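Visitor:
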Amino acid sequence: MHAGPRLIRATAGARPGLEPVRAQVARMHAGPRSIRTTAGARPRLESARIRLDGTPAALLLAAAALFSRTACAVDCVSAATLPDTATQGALVVGSALPGTGYEFQGHASVVGDDGVLVFGVARDAPARVEIVLRCVDGSRGARALAVTQRQYEIERVDGLPEKTVNPPAEIAERIAREQAEVAAARVRDDPRSDFKSGFAWPVHARISGVYGSQRILNGTPKDPHLALDLAAPEGTPVQAPAAGVVTLAQKDYYLTGGTVILDHGHGVSCVFIHLSQVSVTPGQVLARGDVLGAVGKTGRATGPHLHWGLNWFETRLDPELLLK
Ligand SMILES: [Zn+2]
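Here you go:
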């Protein structure tokens, strides 16, 4: 049985843009609420049906009493609004009944009162993936998505300082500590859904490095490049591509230099690295367009550019897909 208060909160607090979710919530919960008020008093239900016999209200009440107990469990899964296809590296935004739990690619979350269901498809996701949904009554089911497979470039970058490509052993501890701080910022699961308003370019500049490229740095094969590089001149202001809260602001990380993470809610965050200036502090709330720092070449970089990453928790996504 669904919790009544959750329905009330979701309906009352819902914004105009979430009308489909509100409608689904109202539809889904109408049945169980009818049962709750009538199941323990069947004779009264019968008399009500007789009194209202022939009216649409009586028909609806009878239908709800007959079917809602089983329909609700199944419909939590079918009520979720999700695309049938997604591209590798894409942020997927759908909707589901508040309280619906979901698991995707090893990460679990719960749909909040805003009804937003969001997740990210990894660079190497297979051609078919499933998202598992858990309804508030304990039932569960899966929805499948076809994943458009991409071809990634091979990118050779030479001339990087050797100590940044193969860091000396004494630096390993520092790098591990910094990476742990970044990872900690990415486990947040805020109820914000700033990403729903869309994203803008943080700087307007030529794309100098695309998402997914297999990287060979100074001749050594490395992890793929899981972000977008924008070749703006040093000092160019970097603007928040969407509203969010700053969860990390560091001026001097070993590999990434000036580093800012902006959390857009529900595990969605952006990272900006190689910054020459960091002009925000953790906890600060930014609107889209607010300046968070300036383009630079700090950390492991051959020249000034903005490295812009997009994440759903630890899954690295392609920011360029946000702007198409
Ligand atoms: Zn980059």
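Quick note on numbering: the working numbering labels position 257 of the sequence shown as 949, and the sequence is numbered without any gaps. The beta-carbon is built from N, C-alpha and C at its ideal position, and this holds for glycine as well. Being a predicted model, the structure only gives us computed values, none of them experimental.
1. Could you have a look at V963 and say whether DSSP puts it in helix, strand or coil?
2. To the nearest angstrom, how far is the alpha carbon of A864 from that of R992?
3. Answer with buried or exposed for L1014, where buried requires no fewer than 16 other C-beta atoms within 10 angstroms of its C-beta.
4. Residues in the same chain with beta-carbon distance under 7 Å from V983, minus the five sequence neighbours each way, listed in chain order, please.
5. Please report how far the alpha carbon of D805 lies from the alpha carbon of T951, in whole angstroms.
6. Given V769, which residues of its chain have a CB within under 6 Å of its CB, disregarding the five upstream and five downstream residues?
7. Quick check: the Cα distance between G791 and V803, rounded to an integer number of angstroms?
8. Where does R728 land, buried or exposed, given buried means 16+ other C-beta within 10 angstroms?
9. Using only Cβ atoms and a threshold of 6 Å, which residues come within that distance of a heavy atom of ligand 1? Order them by chain position.
10. Please specify which runs of the beta strand (DSSP E), each continuous and at least 3 residues long, are wholly inside the region 840-896, giving them in chain order.
11. DSSP on D767, reduced to helix/strand/coil?
12. Just to confirm, is the Cβ distance from V895 to L1002 under 8 Å?
13. Under 8 Å by Cβ, that's how I've got L920 and G901 pegged, so tell me the actual separation to the nearest angstrom.
14. Taking 6 Å as the limit between beta carbons, can you name the residues of its chain near G927, skipping five residues before and five after?
15. Just how far apart, CA to CA, sit V808 and V960?
16. Which of the three DSSP states, helix, strand or coil, is assigned to G793?
17. At a cut-off of 7 Å, is A897 close to ligand 2 when judged by its beta-carbon and the heavy atoms of the ligand?
18. Can you give the Cα-Cα distance for P925 and D850, rounded to whole angstroms?
19. Within a Cβ cutoff of 6 Å, which residues of the same chain sit near R725, ignoring the five residues on either side of it in sequence?
20. Please return the same chain residues whose Cβ sits closer than 8 Å to the Cβ of L839, not counting the five positions on each side in sequence.
Guide: Once the coordinates are examined:
1. strand
2. 15 Å
3. buried
4. P929, V930, Q931, S971
5. It is roughly 32 Å from the alpha-carbon of D805 to the alpha-carbon of T951.
6. L825, G833
7. Each residue's alpha carbon lies about 5 Å from the other.
8. A caution first: R728 carries a pLDDT of 34, below 50, which makes its placement in the model unreliable, though a value can still be read off. That one is exposed.
9. With 6 Å as the limit, the residues whose C-beta approaches a heavy atom of ligand 1 more closely than that are G901, H917, A919, D921, H999, in chain order.
10. 846-849
11. DSSP places D767 in helix when its eight states are reduced to three.
12. no
13. 7 Å
14. A986
15. 12 Å
16. strand
17. The model on display carries ligand 1 but not ligand 2.
18. 20 Å
19. Residue confidence is low: R725 scores 33 on pLDDT, short of 50, so the model does not pin down where it sits. Its coordinate-derived value is still stated next. Closer than 6 Å at the Cβ level, and outside the excluded window around R725, lies no residue.
20. Correcting the residue type first, residue 839 is Val in the shown sequence and not Leu. Within the same chain, V839 has close Cβ partners T777, A778, T779, Q780, V813, A817, P818, A819, R820, V821.
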